[in-house]
Structure formats: structure tokens, C-alpha cells
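Presented below is the structure to which this report refers.
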Amino acid sequence: MQVTAKVTIQNSTYEAWYDFFLSYADRRGEFVQNEQVEKISLNEAKVSFEITDLGGLTELSASKDIIEKEAEMGVTTEIV
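Each residue of the sequence shown is one higher than the last, beginning at 5 in this note's numbering.
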């Protein structure tokens, strides 16, 4: 399943969010492929990818470390 998401970062910057996003790329790579990240602005990004394991990606996205960091950065994700 091909997905494109708009990521909004309210309490941080694209660069800080991107560093965090890269920090769990290996884990994410188990569930997605062909991932592309595009900087839209200082506080927005567009992420496109193909989901290969929806259950695994859902579980990863619900992990405590990711939820806490995204909350700290004010990250919201909208599927477009």
C-alpha cells in the first residue's frame, strides 16, 4: 500500500524531527520500503512510502519512545 503523509512539527524544526526520524530508520525498514522524505518548510515534511507490514508499522508507531518524542516535538501526521 502506497502512502503519503504530511508531517507538521509544532515545537521543533524539520531538522530536529528528521534526525529523530532517521534514528529509527532500521526498525521502520522492516515494515516499509521506498521511503522518501521531502522538506516542505521549517516545520513541515512530506513522507512517502510503501507499507509492507501494516501491523508491524502500527505497533512501531505506538511504541513508547516514539510517542513520547513526537509529543515533545509537537508532531502531527496527516495521511494525504
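The beta carbon of each residue, even a glycine, is placed where N, CA and C say it ideally should be.
query, result
"DSSP-derived helix/strand/coil call for A66", "coil"
"Cβ-based neighbour list, T17, same chain, cut-off 8 Å, excluding 5 preceding and 5 following", "L46, N47"
"When F24, G59, E39, I83 are compared against D69, the one with the closest alpha-carbon", "F24"
"Beta-ladder partner(s) of K73, from DSSP", "In the DSSP output, where bridge partners are listed per residue, K73 has none listed."
"Start and end residues, alpha helix (DSSP H) containing F53", "Taken as a continuous stretch (DSSP letters only), F53 belongs to no alpha helix (DSSP H), being part of the beta strand (DSSP E) at 48-55."
"CA nearest to the CA of Y22, picked from A49, Q14, D30, Q37", "A49"
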